[in-house]
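J.: There's a structure below that I have some questions on.
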Amino acid sequence: MISSWRSLKKYTILAIAIALIVFIWRIVPPTRSQSLAAFPPPKVHPLPESLANYVDRSRRDNYLTEIDKTPLGYLVWSQFPIKIFIDKPLQLGNSAADRRYQAWIDAVEQAVSEWNVYLPLKEISDREMADIIILRSQPKREVKLNPKTGLFDIPRAVTAETTYKFYLQKNPGTVAHKMTIEISPNYLGVSLLATARHELGHALGIWGHSKDRGDALYFSQVGNPTGISSRDVNTLIEIYQQPTRLGWRI
Ligand SMILES: [Zn+2]
């Protein structure tokens, strides 16, 4: 008796599971796969004036060779100003926690104003409309199965992270990108500013790291960080002269 009841129960669960899968499949239509040929061919956008006007008094040294290209090309912005949303509460008081939050906002805004010399940036309050979203949060440590090794990759703890995603933009119809920067609330002082500057450099298109300690995009944190170097700007200029499929009409 018990065994046949169990098998009945098993079949019922199986039937419900199948019905659920069919139901979910019906409400979420399958995505359409497109080959890269469906996207605009990679082309070079006009160099923004602020970069074209940059005169490097030192050598025209850069680290373009360290910069990664995405499947859609270099992560170049072509609509200016680039719209930035900074995660802030409506009001901040005078508590220790609020003062720490204010210091976080000040450092992020300082980093935005430093990069604004080279690319036009504008802070906006509508998160949905932003090209770059800067959040005061601890990046999650995602445990992922590595399909190549069959092992789980457990990332080391990070205190800041920049990620990108592509989406279809209407009017004009283009493939666009959006950047999200997460910076931990635990950062303070100079290292907070250096981190905001570094991550914003990634979000503006420097998708790689420098091997030179004097650059904002140096791969590791340094004790006495300096500002944006001429090598950082020269690299940005090189990147903005590379082809991309982003920002062109479909
Ligand atoms: Zn980095």
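Just so we're aligned, residue 125 is where the sequence shown starts under my numbering, counting upward by one.
Note that the Cβ used here is the ideal one computed from N, Cα and C, for glycine as well.
(1) Would SER334 and ARG321 qualify as a contact pair, given that the criterion is a beta-carbon distance under 9 Å?
(2) Suppose the cutoff is 6 Å on Cβ atoms and the five residues either side in sequence are ignored; what does the same chain contact list for THR287 look like?
(3) Alpha carbon to alpha carbon, what distance is there between ASN186 and PRO165?
(4) Quick check on DSSP: helix, strand or coil for VAL299?
(5) Taking 8 Å as the cut-off, is the beta-carbon of GLU323 closer than that to any non-hydrogen atom of ligand 1?
(6) Give the secondary structure of GLN293 by DSSP, where H, G and I count as helix, E and B as strand, and everything else as coil.
(7) For ligand 1, is there a heavy atom less than 8 Å away from the beta-carbon of LEU341?
(8) Using 10 angstroms around the beta-carbon of SER128, count the other beta-carbons present and answer buried if the total reaches 16, otherwise exposed.
(9) What distance in whole Å lies between the Cβ atoms of LEU292 and VAL299, which are believed to be in contact at a cut-off of 8 Å?
(10) Under DSSP, the alpha helix (DSSP H) around ARG321 begins and ends at which residues?
(11) Between LEU216 and LEU259, what straight-line distance do the alpha-carbon atoms span, to the nearest angstrom?
(12) In the stretch 215-298, which residue ranges form an unbroken beta strand (DSSP E) of at least 3 residues, counting only runs that do not cross its ends?
(13) Can you tell me which residues form a DSSP beta bridge with PHE392?
(14) In chain order, what residues of the same chain have a beta carbon less than 6 Å from the beta carbon of ILE126, not counting five sequence neighbours either side?
(15) Three or more beta-carbon pairs under 8 Å between the stretch 194-204 and the stretch 335-350, yes or no?
(16) Grouping DSSP H, G and I as helix and E and B as strand, with all else coil, what is THR350?
(17) Going by the beta-carbon positions, is the gap between PHE209 and ALA254 smaller than 9 Å?
(18) Relative to the alpha-carbon of SER315, which residue among LYS294, LEU328, ASN295 and ALA284 has its alpha-carbon at the smallest distance?
T.: Per the coordinate set shown:
(1) Remark: C-beta atoms of SER334 and ARG321 do not approach each other more closely than 9 Å.
(2) THR304
(3) Each residue's Cα considered, the two are about 26 Å apart.
(4) Reduced to three states, the DSSP call for VAL299 is strand.
(5) yes
(6) It is a strand residue.
(7) Residue side-chain check: LEU341 places its Cβ nearer than 8 Å to a non-hydrogen atom of ligand 1.
(8) Residue confidence is low: SER128 scores 45 on pLDDT, short of 50, so the model does not pin down where it sits. Its coordinate-derived value is still stated next. Burial call: exposed.
(9) 6 Å
(10) 313-327
(11) One C-alpha to the other measures close to 16 Å.
(12) 245-248, 256-260 and 284-293
(13) Because the chain spans 125 through 374 in this model, residue 392 falls outside it and cannot be assessed.
(14) Residue placement at ILE126 cannot be trusted, given a pLDDT of 46 that sits under 50; the coordinates are not used to answer.
(15) no
(16) coil
(17) yes
(18) ALA284
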